[in-house]
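The structure appears below as structure tokens.
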Amino acid sequence: MEKLKSTFLTIVLSLTCICLVAGLALSAANTFTKEKIAESNAAALQAAIKVAPEVDNHPAEEQFKVGLAEGDSLVVYPAKKGGESVGAAIESYTKNGFGGMIRIMVGFDAEHKLVNYSILEHNETPGLGSKMEEWFRVEKNKQNIIGRDMKGAALTVSKDGGDVDAITAATISSRAFLEAVARAYAAYNGHEADGTSGATSKESEE
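Residues in the sequence shown are numbered from 470 upward in steps of one, following the working numbering.
This is the structure in structure tokens:
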């Protein structure tokens, strides 16, 4: 009986030690991974913000939100040079992509021209909707939206009476992308209008 009791205690102690060691290892790995992920996300954000005009401030540290008419809000990364506003990078999104959510970063200058854009997230069809990553900055026909003056009507695809060529066989993705651009500009225009400068609280789709 004593031998059985001793064996049982040995097993319990062994399992306890194994659990402690495993827990410590997982904790250390989680801490290390968490830091790496945070660093990676910060680097990705800095790269995305570069769609705005050249700056000498720190947009990520000066970010704030601007509310939209539909009730939600978008994050604005103000672009400044010599203390003066030269534009902003706006993080926008739409849930109307062919694959659902599309998140983008759009840069505008002080003249309300679209400087550049970056795709942050999408689930569009490879080889079709996924072409949005480059399609809308290619100097061909009416694909290119870089340099467009945003003060006029919102950018829309030619199929809807606009002057932007949709991605071939991916009209839904194109519409959604331009919707996200329009939302970004609405936030930028609203920010400019009220002088905000601080925080406010697959297959063919045809």
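All C-beta atoms, glycine included, are put in the ideal place defined by N, C-alpha and C.
Remember, it's a predicted structure, so these values are computed and weren't measured experimentally.
For residue j and residue i, believed in contact at Cβ under 8 Å, the rounded distance
i    : j    : result
A521 : A548 : 4 Å
V650 : V575 : 6 Å
V555 : A579 : 5 Å
A635 : S643 : 4 Å
I559 : A656 : 5 Å
V535 : G621 : Their Cβ separation, rounded to whole angstroms, is 21 Å, which puts V535 and G621 out of contact at 8 Å.
Backbone secondary structure at residue i - three-state DSSP
i    : result
M574 : strand
E560 : strand
E593 : coil
K582 : strand
G631 : coil
G621 : coil
G569 : strand
V524 : coil
V607 : coil
For residue j and residue i, the rounded distance between their alpha carbons
i    : j    : result
G596 : V607 : 16 Å
F567 : A645 : 8 Å
E648 : G631 : 13 Å
T669 : G616 : Because the pLDDT of T669 is 43, which lies under 50, any placement of that residue in the model is unreliable, and the number read from its coordinates should be weighed accordingly. Using only the alpha carbons, I get a separation of about 29 Å.
V545 : L495 : 37 Å
S627 : E590 : 25 Å
A517 : L493 : 36 Å
A638 : Y586 : 22 Å
N599 : M619 : The sequence given here places Ser at residue 599; Asn does not occur at that position. Those two C-alpha atoms are separated by around 24 Å.
N592 : G569 : 7 Å
T594 : V490 : 44 Å
K519 : K550 : 14 Å
T563 : F533 : 19 Å
K582 : S561 : 16 Å
Host beta strand (DSSP E) of residue i (start-end)
i    : result
E603 : Element bounds for E603: not the beta strand (DSSP E) but the alpha helix (DSSP H), 601-604.
V535 : 533-536
L543 : 542-550
Strand pairing of residue i, partner residues [DSSP]
i    : result
S587 : M574
V626 : V633
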